[in-house]
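A.B. asks:
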Amino acid sequence: MLDIALIRRDPDRVRRSLRRRGIDSAIVADLLRLDAEFRNALGELERLQSQRNALSAQIGRAADKAAAADEHRNALDALKAQIESAQTMVAATGPDASASPLAEVLQNIPNLLDDAVPDGASAADNAVLRTWGAPPAFDFSPKPHWEIGTSLGILDFERAVKLSGSRFSILSGAGARLSRALATFFLERAARNEYTEVAPPYLVTRDTMWSTGQLTKFSDQMFFDQAADLFMIPTSEVPLTALRADEVLDFGELPKRYTAYSPCFRKEAGAAGKDTRGLMRQHQFEKVELVWLTAPEGSDAALERLVADAESLLQELGLPYRAVALCGTDVGFNAAKTIDLEVWLPSQGVYREISSCSNCTDFQARRANIRFRRDTKGKLEFVHTLNGSALAIGRTLVAILENCQQADGSVRIPSALVPHFGADRIVRS
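Just so you know, we're using the working numbering here: the sequence shown kicks off at 930 and counts up by one.
(1) Reducing DSSP to helix, strand and coil, say where G1317 ends up.
(2) Using three-state DSSP, classify P1184 as helix, strand or coil.
(3) Check E1282 in the structure and name its three-state DSSP category.
(4) When the Cα of N1217 is compared with those of D1259, T1305, F1180 and G1323, which residue comes out closest?
(5) Could you check the C-alpha separation between F1160 and D999 for me, to the nearest Å?
(6) Assess contact between the segment 1093–1111 and the segment 1223–1233, defined as three or more Cβ pairs (one per stretch) separated by less than 8 Å. Is contact present?
(7) Taking buried to mean at least 16 other C-beta atoms within 10 Å of its own C-beta, is Q1334 buried or exposed?
(8) Tell me which residue opens and which closes the beta strand (DSSP E) that I1342 is part of.
(9) Would you tell me roughly how many angstroms separate the C-alpha atoms of V943 and R1234, rounded to the nearest one?
(10) Can the beta-carbon of T1290 be found closer than 9 Å to that of T1267?
(11) What is the C-beta distance between R1295 and D939, in whole angstroms, given that I count them as a contact (C-beta under 8 Å)?
(12) At the level of alpha carbons, what is the spacing between N1263 and N1288?
(13) Taking 8 Å as the cut-off, is the C-beta of G1094 nearer than that to any heavy atom in the ligand HEM?
(14) Can you check which of these residues, P1343, S1339 and A1352, is closest to H1074 by C-alpha distance?
(15) Report the partner residues of L1159 according to the DSSP bridge assignment.
(16) Could you tell me whether the segment 1300–1313 touches the segment 1186–1195, using the rule of 3 or more Cβ pairs below 8 Å?
(17) Less than 9 Å separating the beta-carbons of G1082 and L1330?
(18) Taking contact to mean at least 3 C-beta pairs separated by less than 8 Å, is the segment 1096–1116 in contact with the segment 1344–1356?
(19) Let me confirm a value: A1265 is counted as buried when at least 16 other C-beta atoms fall within 10 Å, else exposed. Which label applies?
(20) When burial is assigned at 16 or more other CB atoms within 10 Å of the CB, is G1049 buried or exposed?
(21) Per the DSSP calculation, C1193 is bridged to which residue(s)?
(22) Please look up how many angstroms separate the CB atoms of T1017 and L1031, rounded, as I've assumed it's under 8 Å.
(23) Please state whether the Cβ-Cβ distance between L1242 and F1114 is less than 9 Å.
(24) Go ahead and pull the three-state DSSP assignment for I1171.
(25) Check the C-beta distance from A1189 over to E1123 and give it rounded, since I have them as a contact under 8 Å.
(26) Span of the alpha helix (DSSP H) holding R1106?
(27) Look at T1137 and V1090 and say whether their C-beta atoms are less than 9 Å apart.
(28) Since N1288 sits in a beta bridge, which residues does DSSP pair it with?
(29) Which of the three DSSP states, helix, strand or coil, is assigned to I1099?
(30) In the DSSP assignment, find the beta strand (DSSP E) that holds G1057 and state where it starts and stops.
(31) Can you give me the start and stop residues for the beta strand (DSSP E) that F1301 sits inside?
(32) When you compare the CB positions of P1047 and P1249, do they come within less than 9 Å of one another, or not?
(33) Just verifying my parser: in three-state terms, what is the DSSP assignment at D999?
(34) Per DSSP, which residues does V1220 bridge with? Please list them.
(35) From the DSSP secondary-structure annotation, give me the bridge partner or partners of Y1250.
(36) For a test of the three-state rule: what should DSSP assign to E1310, helix, strand or coil?
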């Protein structure tokens, strides 16, 4: 959530950011109008309180205080009623009132884009920053991962449909073992890079979802248990970021780095017809997430480090990829800046997203109320939060099956994974 004081102070900056996102900037005028109504109500409350205080002081100075109180009783009673009415108005119209029109508008304004974010109208305008590794040259026609996995007996879509419907899959045998090996490999590398591993809940409250910016904008993407009023997490970014909600951290604690391996659950609303085959777009998938909490002046460097941590995994696995800076219209609601890592898929002849690393500045921290002090007498400041996948398990498995496929139908296991997987290739058993 944006600081309303910033919007009051520099509304044109917010308008520019919205236009760069392809969003109608008229919402800023709506917010300023509602904010003016709130501030007028607040001013009226303060005026009435000042009148009451002046009258109370006058009574306190009177020689006969009881007589003065009787004389002004009607005026005091009237002021009391007016103050209560004004307090109700302020509470109902303020930015901290969850149901107020002002709060609703404020909650629907996305984060301010970083100046370094490239302009663009679509994903086609994203800027390629660097490319690593050469796509493999096959002396045969490469197969898509679903054909490879089915042929090896490690992927089963038919039984998954029988159990759960579309956009689910079953990994078995070497497929399940490869998935587990990837999770272990990613978590071990995260520990080496000084991330604290967390095993979070997979069901979280409405407040937790809201605090990380998932609600209300993305409610149609999430699975929800209405009876329990709990949401299934779409990413472990949610519990990891909200882990320190409503806490005040010491400056010496920062940065905090967390990691978690978890299943993620998404409805994929609006994805009809996209990636209908294979593992690329599932209702349930696993990934390892990295989250940072840092002081504001450290968040730019933290994003570089976060991206480097994710890139190092792809490099160790020998998977060709490129790093891409998302343009304004492609950056997510919570983020000020996002770098995607896209892995090469031979069957499609394109790079596809495997990690998305974002600096959310203080946007999520304001919602979650995560603050810190630089010293015992210092003022409270909001931390900056960052998050990134390192990596998505299913998409990494896809990339290995496709990039490491062999002419005889087997799949070579990257050497870095062999100790965790227990073999150097997958063959049909």
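Glycine included, every Cβ here is placed at the ideal spot set by N, Cα and C.
Predicted, not measured: the structure shown is a model, and the values here were computed from it.
C.D. replies: On the basis of the data shown:
(1) To locate residue 1317, count along the sequence shown from 1; it is residue 388. It is a strand residue.
(2) As a first step, residue 1184 must be located in the sequence shown, where it is residue number 255. Shown here, P1184 sits in coil according to DSSP, grouped into three states, outside any helix or strand.
(3) What you label residue 1282 is simply residue 353 of the sequence shown in a count that begins at 1. Strand at E1282.
(4) Mapped onto the sequence shown, residue 1217 falls at position 288. Just to set this straight, residue 1217 is Val in the shown sequence, not Asn. Out of D1259, T1305, F1180 and G1323, G1323 has the C-alpha closest to the C-alpha of V1217.
(5) Working through the sequence shown from its first residue, we reach residue 1160 at position 231. Working through the sequence shown from its first residue, we reach residue 999 at position 70. Whole-angstrom Cα-Cα distance: 58 Å.
(6) With a cut-off of 8 Å, the segment 1223–1233 and the segment 1093–1111 do not count as touching, because too few Cβ pairs lie within range.
(7) Position 405 of the sequence shown holds residue 1334. Counting Cβ neighbours within 10 Å, Q1334 comes out buried, since at least 16 surround it.
(8) Working through the sequence shown from its first residue, we reach residue 1342 at position 413. Boundaries cannot be given for I1342, as no beta strand (DSSP E) includes it and DSSP labels it neither H nor E.
(9) Here residue 943 corresponds to residue number 14 of the sequence shown, with the count starting at 1. Here residue 1234 corresponds to residue number 305 of the sequence shown, with the count starting at 1. When rounded, the distance between both Cα atoms is 28 Å.
(10) Within the sequence shown, the letter at position 361 stands for residue 1290. Within the sequence shown, the letter at position 338 stands for residue 1267. Their beta carbons are not under 9 Å apart, which means T1290 does not touch T1267 by this criterion.
(11) For the purposes of this step, residue 1295 is taken as residue 366 along the sequence shown, with counting starting at 1. For the purposes of this step, residue 939 is taken as residue 10 along the sequence shown, with counting starting at 1. Actually they are not in contact, since the Cβ atoms of R1295 and D939 sit about 17 Å apart, beyond 8 Å.
(12) For the purposes of this step, residue 1263 is identified with residue 334 of the sequence shown, where counting begins at 1. For the purposes of this step, residue 1288 is identified with residue 359 of the sequence shown, where counting begins at 1. Computed Cα separation, rounded: 9 Å.
(13) Ligands are entirely absent from the displayed structure, and the ligand HEM is therefore not among its contents.
(14) Translated into the one-based positions of the sequence shown, residue 1074 becomes position 145. When C-alpha distances from H1074 are compared across P1343, S1339 and A1352, the shortest belongs to S1339.
(15) Locating residue 1159 in the sequence shown gives position 230, where the first residue counts as 1. Within the DSSP secondary-structure output, L1159 pairs in a beta bridge with T1134 and D1154.
(16) Counting Cβ pairs under 8 Å, fewer than three are found: no touch.
(17) For the purposes of this step, residue 1082 is identified with residue 153 of the sequence shown, where counting begins at 1. For the purposes of this step, residue 1330 is identified with residue 401 of the sequence shown, where counting begins at 1. Their beta carbons are not under 9 Å apart, which means G1082 does not touch L1330 by this criterion.
(18) Yes: the two stretches touch, three or more of their Cβ pairs being nearer than 8 Å.
(19) Taking the sequence shown and counting its residues from 1, one reaches residue 1265 at position 336. Per the 10 Å Cβ criterion, buried.
(20) Position 120 of the sequence shown, counting from 1, holds the residue named residue 1049. So G1049 counts as buried.
(21) For the purposes of this step, residue 1193 is taken as the residue at position 264 of the sequence shown. Its beta-bridge partners are F1214.
(22) If you number the sequence shown from 1, residue 1017 lands on position 88. If you number the sequence shown from 1, residue 1031 lands on position 102. In fact, because the Cβ distance is near 15 Å, the residues do not count as touching under 8 Å.
(23) Start at 1 with the first residue of the sequence shown, and residue 1242 comes out as number 313. Start at 1 with the first residue of the sequence shown, and residue 1114 comes out as number 185. One thing to note: L1242 has its Cβ within 9 Å of the Cβ of F1114.
(24) Counted from its first residue, the sequence shown places residue 1171 at position 242. Reading off the sequence shown, one finds Ala at residue 1171, where the question assumed Ile. Looking at A1171 - three-state DSSP - the assignment turns out to be helix.
(25) As a working note, residue 1189 is residue 260 in the sequence shown. As a working note, residue 1123 is residue 194 in the sequence shown. Contact between A1189 and E1123 fails: their C-beta atoms lie close to 15 Å from each other, not under 8 Å.
(26) Within the sequence shown, numbered from 1, the residue matching residue 1106 stands at position 177. First-last of the alpha helix (DSSP H) with R1106: A1103 to R1121.
(27) Position 208 of the sequence shown, counted from the start, is the residue given in the question as residue 1137. Position 161 of the sequence shown, counted from the start, is the residue given in the question as residue 1090. V1090 sits away from T1137, with the two beta carbons spaced by 9 Å or more.
(28) Counting from 1 along the sequence shown, the entry for residue 1288 is found at position 359. Its beta-bridge partners are K1266 and L1315.
(29) Within the sequence shown, numbered from 1, the residue matching residue 1099 stands at position 170. Three-state result, I1099: strand.
(30) Translated into the one-based positions of the sequence shown, residue 1057 becomes position 128. The question names Gly, yet the displayed sequence has Val at residue 1057. Segment A1056 to W1061, the beta strand (DSSP E) holding V1057.
(31) Within the sequence shown, the letter at position 372 stands for residue 1301. Where F1301 is concerned, the enclosing beta strand (DSSP E) stretches over R1300 to R1302.
(32) Sequence index remark: in the sequence shown, residue 1047 carries index 118 (1-based). Sequence index remark: in the sequence shown, residue 1249 carries index 320 (1-based). No. Outside cutoff.
(33) Along the sequence shown, one-based indexing puts residue 999 at 70. Reduced to three states, the DSSP call for D999 is helix.
(34) Start at 1 with the first residue of the sequence shown, and residue 1220 comes out as number 291. Beta-bridge pairing links V1220 to Y1187 and N1316.
(35) Sequence index remark: in the sequence shown, residue 1250 carries index 321 (1-based). In the DSSP assignment, Y1250 forms a beta bridge with W1061 and V1272.
(36) For the purposes of this step, residue 1310 is taken as residue 381 along the sequence shown, with counting starting at 1. Strand at E1310.
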